[in-house]
Amino acid sequence: MDELVLSGDYLPPRLLYRENELTRLLDSLSESLSGEKKLVALFGLSGVGKSTLAKAACRLFSIGLRRNRLNNGFVHISCYSARTVNALFSQILKFLSPYSTTKGLPTEQIVKSVDSKAIEQNLSFTVVLDDFHALKSDVASDFFAHFTTGKVRLRPFNFVVISHEKNITLHKKRLKLELIECAPYTAEQVAQIIADRVERAFNKGVVPQEVVERVTKLGKEGDIRFKLELLRRAGRIAEQKKADSLTLEHIEEALANMVDSHILEHLPTLEEHELLLLYSICRSIRSSKQGFAIIGEVEREYAEVCSRLSIQPRKHTQVWEYLQKLKKLEIVLTRISGKGQRGKTTVISLNGASLDSTITEVIKEIRRRGLSRSERSNTS
Ligand SMILES: Nc1ncnc2c1ncn2[C@@H]1O[C@H](COP(=O)(O)OP(=O)(O)OP(=O)(O)O)[C@@H](O)[C@H]1O
Ligand SMILES: [Mg+2]
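This is how it looks when you write it as structure tokens:
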């Protein structure tokens, strides 16, 4: 098995069923050469190929320009890790000047360096703000204001923002916004994408058709990332067992230990109290034995968890905001209770991930941050 081909970093040679979106994105990027200040927004659900599409388009665009002796590059920034204007410009500067350090520098100084480095290198480039929905709107508009008010002189430049949401709000509307939707794949398209990747990653005949079909059906329908990660883990299990082929049992074994890959991706980016709230949600769901928990219980649990860890709990309104964030990240689902509960209350559940493996991963993250050495996955 070629693990790299199944990993999130792999850029497939061809993005199936995304030719139209790729052409539109490339056209949009090219239009900026005439000096138009433009922002392209790619939006769609998790795992439908937005980040991959942006990387493929930026790479093709850069190659095309370099052939014409135009100095061009792109910087791909995750807004989960860069949440402030300072952090965004620091990442751009790192791209322009990999050995410069920005720690402790005021934003305006970093912006100045970005400006002078880009001019010095006579470079135009595309800034991709991935997971744009994670950025607070005032941070986003402050960031763009640096370009639209001339503080940064780059010409021509491009912005691509990638979001789960269609509503891209920009307070300073000096950039023309173009929306490109990455619609969910049909079941047949998902099957074809998985089959294509299996062919690239495994030797012929190693993965029987029934296994491909099973993997295609597992996880959320359009989430290709989850299915590829499942294949990668099952492939590892098969290799460890020195099996000649990948079987349904390998898939089931891999599945039992799998947390939704997007939870794994988001855990390190959660703020401390968001993480503690998620932990409290998991614990409340576990003790309710019903697959969900109600907000009152979660808040009680959260207060207890904080007290055990000697951390000051946040107020109700703040906790509510953390919950909205976890919901926005598609880690939890919420609904208003119906029959069976007294009065109306918010009911919280995990968004499809296994409870046990989520708790294990959340505890690992809590311990990794040094918040606690004593929390164990079997604590009831
Ligand atoms: N059309 C496609 N052809 C081949 N592979 C694809 C296609 N669409 C998605 N993939 C694969 O699916 C995985 C998920 O894609 P990607 O990370 O780009 O999704 P995303 O929309 O950015 O998700 P998220 O919103 O969660 O960040 C990647 O491994 C990617 O290679
Ligand atoms: Mg992405």
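Our numbering numbers the first residue of the sequence shown as 768 and each following residue consecutively.
Beta carbons are placed, not taken as given, at the ideal position from N, Cα and C, and that holds for glycine.
- Nearest-angstrom Cα separation, counted from I859 out to I1103: For the purposes of this step, residue 1103 is taken as residue 336 along the sequence shown, with counting starting at 1. For the purposes of this step, residue 859 is taken as residue 92 along the sequence shown, with counting starting at 1. Cα-Cα distance, rounded: 43 Å.
- Query: Assuming L1043 contacts L1093 under a Cβ cut-off of 8 Å, what Cβ separation, rounded to an integer in Å, is found between them?
  - Reply: As a position in the sequence shown, residue 1043 is number 276, starting the count at 1. As a position in the sequence shown, residue 1093 is number 326, starting the count at 1. Rounded, the Cβ-Cβ distance is 11 Å, inconsistent with contact.
- Message: With a threshold of 7 Å on Cβ separation, who are the neighbours of E1041 within its own chain once the five nearest residues in sequence on each side are excluded?
- Response: For this step, residue 1041 is matched to residue 274 along the sequence shown. So the list reads Y1089, K1092 and L1093, once near-sequence residues are dropped.
- What are the start and end residues of the beta strand (DSSP E) that includes K805? The residue labelled residue 805 in the question sits at position 38 within the sequence shown. Note, K805: beta strand (DSSP E), K805 to F810.
- Relative to the C-alpha of R850, which residue among I1004, E1071 and L1037 is closest? The residue labelled residue 850 in the question sits at position 83 within the sequence shown. That would be L1037, whose Cα lies nearest to the Cα of R850.
- Task: Spell out the partners DSSP gives R1102 in its beta bridges.
- Result: The count along the sequence shown starts at 1 and reaches residue 1102 at position 335. R1102 pairs with V1114.
- Query: On the three-state DSSP scale, how would you describe T1146?
  - Reply: Against the sequence shown, residue 1146 aligns to sequence position 379. Model confidence at T1146 stands at a pLDDT of 45, short of 50, so the residue's coordinates are unreliable; what they give is reported in the following sentence. T1146 falls in the coil class under three-state DSSP.
- Message: Assess contact between the region 812 to 828 and the region 874 to 884, defined as three or more Cβ pairs (one per stretch) separated by less than 8 Å. Is contact present?
- Response: Taking 8 Å as the limit for Cβ pairs, the verdict is that the region 874 to 884 does not touch the region 812 to 828.
- Query: For I1018, which of helix, strand or coil comes out of DSSP?
  - Reply: Translated into the one-based positions of the sequence shown, residue 1018 becomes position 251. Three-state result, I1018: helix.
- Query: Exposed or buried, Y866, counting other C-beta atoms within 10 Å across all chains shown (16 or more means buried)?
  - Reply: Mapped onto the sequence shown, residue 866 falls at position 99. It is exposed - the Cβ of Y866 has fewer than 16 other Cβ atoms within 10 Å.
- Nearest-angstrom Cα separation, counted from I1048 out to E788: Looking up residue 788 in the sequence shown gives position 21. Looking up residue 1048 in the sequence shown gives position 281. Rounded to whole angstroms, E788 to I1048 spans 38 Å at the Cα level.
- Query: Taking 7 Å as the line, does the beta carbon of D769 fall inside it for any heavy atom of ligand 1?
  - Reply: Mapped onto the sequence shown, residue 769 falls at position 2. No, ligand 1 has no heavy atom inside 7 Å of this Cβ.
- Message: From the DSSP secondary-structure annotation, give me the bridge partner or partners of S930.
- Response: Counting from 1 along the sequence shown, the entry for residue 930 is found at position 163. According to DSSP, S930 bridges with F810.
- For N835, the first and last residue of its enclosing alpha helix (DSSP H): Residue mapping note: residue 835 aligns to position 68 of the sequence shown, counting from 1. Counting along the chain, N835 falls outside any alpha helix (DSSP H), and DSSP gives it neither H nor E.
- Task: Note down, in chain order, each residue of its chain lying with its Cβ closer than 8 Å to the Cβ of N1145, except the 5 sequence neighbours on either side.
- Result: Indexing the sequence shown from 1 puts residue 1145 at position 378. At N1145, the pLDDT of 46 sits below 50, so the modelled position is not reliable; the number obtained from the coordinates is stated separately. Excluding residues within five positions, none has a Cβ falling inside 8 Å.
- Grouping DSSP H, G and I as helix and E and B as strand, with all else coil, what is A1060? Sequence index remark: in the sequence shown, residue 1060 carries index 293 (1-based). Reduced to three states, the DSSP call for A1060 is strand.
- Message: Nearest by alpha-carbon distance to T1112: which of T1125, K1131 and V1065 is it?
- Response: By one-based count along the sequence shown, residue 1112 stands at place 345. Nearest C-alpha to T1112: V1065.
- Taking one C-beta from the region 981 to 1000 and one from the region 797 to 815 each time, how about it: are there three or more such pairs within less than 8 Å? yes
- Query: Should V895 and H843 be called a contact, given that it needs their Cβ atoms to be closer than 8 Å?
  - Reply: What you label residue 895 is simply residue 128 of the sequence shown in a count that begins at 1. What you label residue 843 is simply residue 76 of the sequence shown in a count that begins at 1. Remark: C-beta atoms of V895 and H843 approach each other more closely than 8 Å.
- Message: Going by DSSP in three states, E798 sits in which element: helix, strand or coil?
- Response: On the sequence shown, residue 798 is found 31 positions in, with the first residue counted as 1. E798: helix per DSSP, three-state reduction.
- Message: When you measure from the CB of K1131 to every non-hydrogen atom of ligand 1, does any distance come out below 7 Å?
- Response: As a first step, residue 1131 is located in the sequence shown; it is residue number 364 there, counting from the start. No, ligand 1 has no heavy atom inside 7 Å of this Cβ.
- Task: Report yes if the C-beta of R931 is less than 7 Å from at least one heavy atom of ligand 1; otherwise report no.
- Result: Sequence index remark: in the sequence shown, residue 931 carries index 164 (1-based). Position check: residue 931 holds His in this sequence, whereas Arg was assumed. Within the cutoff, so yes.
- Query: Where do the ends of the beta strand (DSSP E) carrying L944 lie?
  - Reply: For this step, residue 944 is matched to residue 177 along the sequence shown. Element bounds for L944: K943 to E948.
- Message: One question on the structure: do R999 and S818 come within less than 8 Å of each other, judged by their Cβ atoms?
- Response: Taking the sequence shown and counting its residues from 1, the one referred to as residue 999 is at position 232. Taking the sequence shown and counting its residues from 1, the one referred to as residue 818 is at position 51. Against a cut-off of 8 Å, the Cβ pair of S818 and R999 comes out as no contact.
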